[in-house]
Amino acid sequence: MTRPKIVLDCDPGVDDMFALFCALRYCDLVAVTSVAGNVGLDYTTENALAILELAGSDVPVHRGAAGPFNGTTAEDARHVHGETGLGGVSLPAATANIASDDATDALFDLTATGDVTVVAIGPLTNIAHAIERDPTWIRRIPRLVIMGGSTAAGNVTSHAEFNIWADPEAAEVVFDSGISLTMAGLNLTRQVTMGQPEIDAMSASSTPTAAAGAGALDYYSDFSMAHYGVKQSAMHDPCAVLEVVRPDLFGREAMAVNIETAGVHTRGMTVCDQRANAVAPDTDVLVDAASSVVVELIVQAAIDPAS
653 MTRPKIVLDC
663 DPGVDDMFAL
673 FCALRYCDLV
683 AVTSVAGNVG
693 LDYTTENALA
703 ILELAGSDVP
713 VHRGAAGPFN
723 GTTAEDARHV
733 HGETGLGGVS
743 LPAATANIAS
753 DDATDALFDL
763 TATGDVTVVA
773 IGPLTNIAHA
783 IERDPTWIRR
793 IPRLVIMGGS
803 TAAGNVTSHA
813 EFNIWADPEA
823 AEVVFDSGIS
833 LTMAGLNLTR
843 QVTMGQPEID
853 AMSASSTPTA
863 AAGAGALDYY
873 SDFSMAHYGV
883 KQSAMHDPCA
893 VLEVVRPDLF
903 GREAMAVNIE
913 TAGVHTRGMT
923 VCDQRANAVA
933 PDTDVLVDAA
943 SSVVVELIVQ
953 AAIDPAS
């Protein structure tokens with residue numbers, strides 16, 4: 653398995669924790685940039701530092717945007733991920749400090765070699781700021797892979813997925829920029845679920861990352877049980893990381909995708925044109941996955957992210 657170079661832009665977040673484990677095990681993780689999303693920026697930054705240190709990694713973390721692209725107040729998902737973002741799991745405080753407090757400059761520097769893929773699994777605020785500051789930046793990255801959006805139903809509203817809904821103006825900048833874009837939306841990530849068998853597998857391991865993963869997944873799955881009647885949780889964010897490593901595990905279709913920013917009932921929707929005669933399909937949209945293989949890769953990464 654090749655180890656592609658990536659920068660991970662994230663808002664940890666329970667499923668972000670598993671995405672970080674996957675990035676460490678299967679990728680050459682160049683750096684992490686944090687963004688407000690699942691919880692506030694202080695928590696997402698601290699969580700990224702703590703998760704990396706728990707995994708024995710010294711990958712640098714660059715602090716990013718504290719709120720949406722247009723300056724409005726950030727909305728979060730504490731009701732899903734817990735007050736601090738990691739599902740009630742308390743990790744040892746990181747001893748490392750952030751590498752910088754300007755994720756945009758960091759993105760420019762980290763991708764200057766032209767061979768670093770950016771994987772964004774939170775609101776797209778940092779990415780939009782980078783494009784706004786230098787529109788030519790999109791030509792220096794091979795591809796942007798995001799977890800966000802949906803070709804079907806949303807989760808925050810009937811039509812909107814959280815990462816896009818949390819900052820639709822940023823998403824609009826990104827989707828309209830001409831960047832080479834792969835989208836792992838809810839229609840895909842809901843096919844990749846973990847629950848009690850995976851909790852048990854991680855609990856049987858003696859590694860600190862497995863223990864953290866089991867505890868966070870247990871909390872996450874309890875939320876799913878309370879709200880959806882099933883103790884299974886979709887592993888949204890790891891799908892975006894694993895697509896970079898194992899694209900063969902995912903089916904895809906080219907679609908024209910636009911972001912709804914004004915609709916009373918549809919703000920934050922990814923409007924995906926799935927017609928056979930759609931004009932100018934510009935987004936590589938993931939539509940299905942070899943779910944059992946993806947889940948096994950996630951569990952292996954949680955047990956031993958350093959392999």
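Throughout, this note's numbering is defined as the position within the sequence shown, counted from one, plus 652. By construction, the Cβ of each residue, glycine as well, lies at the ideal position given by its N, Cα and C atoms.
Contact between the region 915-934 and the region 882-895 is absent, with fewer than three C-beta pairs closer than 8 Å. The continuous beta strand (DSSP E) containing residue 796 extends over residues 796-799.
Between the region 858-875 and the region 814-821 there are fewer than three C-beta pairs closer than 8 Å, too few to call the two in contact. Between the region 707-714 and the region 743-752, the count of Cβ pairs shorter than 8 Å is three or higher; the stretches touch. Shown here, residue 846 sits in a strand according to DSSP, grouped into three states. Secondary structure remark: continuous alpha helix (DSSP H) runs of at least 4 residues inside the region 659-688, in chain order: 666-678. Sequence-distant partners of residue 954 (beyond 5 residues in either direction) whose C-beta falls short of 7 Å from its own C-beta, in its chain, are 670, 673, 854, 861, 862, 865. Around the Cβ of residue 917, a 10 Å sphere holds fewer than 16 other Cβ atoms; the residue is exposed.
In the structure shown, residue 879 falls within a helical segment according to DSSP collapsed to helix, strand and coil.
Residue 755 and residue 948 have their C-alpha atoms some 32 Å from each other. Under the 10 Å beta carbon count, residue 852 is surrounded by fewer than 16 other beta carbons and is classified as exposed.
Fewer than three pairs of CB atoms, one per stretch, sit closer than 8 Å, so the region 717-726 makes no contact with the region 842-852. Taken through DSSP and simplified to helix, strand or coil, residue 791 comes out as helix.
Contact between the region 792-810 and the region 736-745 is not established, with fewer than three Cβ pairs separated by less than 8 Å. Within the same chain, 667, 799, 841 come within 6 Å of residue 888 by CB-CB distance, once the 5 residues on both sides are set aside. Fewer than three Cβ pairs drawn from the region 772-788 and the region 900-907 lie within less than 8 Å of each other, which leaves the two stretches out of contact.
Judged by DSSP secondary structure, residue 758 falls within the alpha helix (DSSP H) whose first and last residues are 755-762. Shortest Cα-Cα distance from residue 784 to any of 834, 942, 824, 765 involves 824.
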